[in-house]
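Engineer: In short: position in the sequence shown from 1, add 2, done, that's our numbering.
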Amino acid sequence: MDCLFVERELKSANTQGVSGKVKERMEAAAKESDGGARLMLLFPEGTTTNGQYLLPFKSGAFLAGAPVQPVLIQYGKGRVSPAWESIDIKWHLFLMMCSTHSVTAYELPVYIPSDEEKNDAMLYAQNVRQYMLSFPDCVALKPSDSKLPDKRAYHAQARRRGLVAKTSGSSAEKANKKQQ
3 MDCLFVEREL KSANTQGVSG KVKERMEAAA KESDGGARLM LLFPEGTTTN
53 GQYLLPFKSG AFLAGAPVQP VLIQYGKGRV SPAWESIDIK WHLFLMMCST
103 HSVTAYELPV YIPSDEEKND AMLYAQNVRQ YMLSFPDCVA LKPSDSKLPD
153 KRAYHAQARR RGLVAKTSGS SAEKANKKQQ
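1. Reducing DSSP to helix, strand and coil, say where Ile91 ends up.
2. Using DSSP with H/G/I as helix, E/B as strand and the rest coil, what is Cys5?
3. May I ask you to report which of helix, strand or coil DSSP gives Pro151?
4. Quick one: using the 10 Å Cβ neighbour count with 16 as the cut-off for buried, is Ser83 buried or exposed?
5. Would you mind giving the Cβ-Cβ distance between Ser21 and Gly67, rounded to the nearest angstrom? I have them listed as a contact below 8 Å.
6. When we look at the beta-carbon of Val105 and count the other beta-carbons within 10 Å, is it buried (16 or more) or exposed?
7. Assuming Val130 and Val70 are in contact, meaning their beta carbons sit under 8 Å apart, how far apart are those beta carbons, in whole angstroms?
8. When burial is assigned at 16 or more other CB atoms within 10 Å of the CB, is Ala32 buried or exposed?
9. Note down the Cα distance separating Pro111 from Thr50, rounded to an integer number of angstroms.
10. Within the region 94-144, note down every full alpha helix (DSSP H) run reaching 4 residues or more, in order along the chain.
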């Protein structure tokens, strides 16, 4: 599948970041004239939500300045959200397998960046996010300014209060311990 795995906590000066790898792959795909290049599926928020909000986008998916195909994903109402990450992965998988789920993907028109957006990945990211928010007939999402550190702070507070079971040594948990 040729996946790019993200280890946010393992950044060092001698390794190429995920953004660089994404840009490289997208530039290579844009050069393929026959359309035979491998497409990339990216989640530019860098984390999950409860399905009611669209978080700010990271710039990495937009560094190449290539057109993007936005897709809105909506999970059906159920007892277990596929986006939950506040519980242990084994328990989450068990609950997912014991429940019925539905998902709807809304493929929006391709967004072609302006010259200004091609030169400013953050502007491009912000404009694509606004573009996606302008399709309320698909999924009525609200904008949120929350970011991954806010989510980690929430998880840490929930764990301290005993509201969430501790996970078994995830990299996010290790990073939270370093920050505290």
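From the three backbone atoms N, C-alpha and C, an ideal C-beta is built for every residue, glycine too.
What you are looking at is a predicted structure, and each value in this text was computed from that prediction instead of being measured.
Structural biologist: Answer, in terms of the structure:
1. As a first step, residue 91 is located in the sequence shown; it is residue number 89 there, counting from the start. Three-state DSSP puts Ile91 in a helix.
2. Within the sequence shown, the letter at position 3 stands for residue 5. Of the three classes helix, strand and coil, the one that applies to Cys5 here is coil, per DSSP.
3. Numbered from its first residue, the sequence shown carries residue 151 at position 149. If DSSP states are grouped into helix, strand and coil, Pro151 belongs with the helices.
4. Translated into the one-based positions of the sequence shown, residue 83 becomes position 81. Classification for Ser83: buried.
5. Locating residue 21 in the sequence shown gives position 19, counting from the first residue. Locating residue 67 in the sequence shown gives position 65, counting from the first residue. 13 Å between Cβ atoms; not a contact.
6. Mapped onto the sequence shown, residue 105 falls at position 103. Exposed is the label assigned to Val105, since fewer than 16 other Cβ atoms lie within 10 Å of its Cβ.
7. In the sequence shown, the residue the question calls residue 130 occupies position 128. In the sequence shown, the residue the question calls residue 70 occupies position 68. Right, their Cβ atoms sit about 6 Å apart.
8. Within the sequence shown, numbered from 1, the residue matching residue 32 stands at position 30. By the 10 Å Cβ count, Ala32 comes out exposed.
9. Here residue 111 is taken as the residue at index 109 of the sequence shown, counted from 1. Here residue 50 is taken as the residue at index 48 of the sequence shown, counted from 1. Distance between the alpha carbons of Pro111 and Thr50: 23 Å.
10. 117-120 and 123-135
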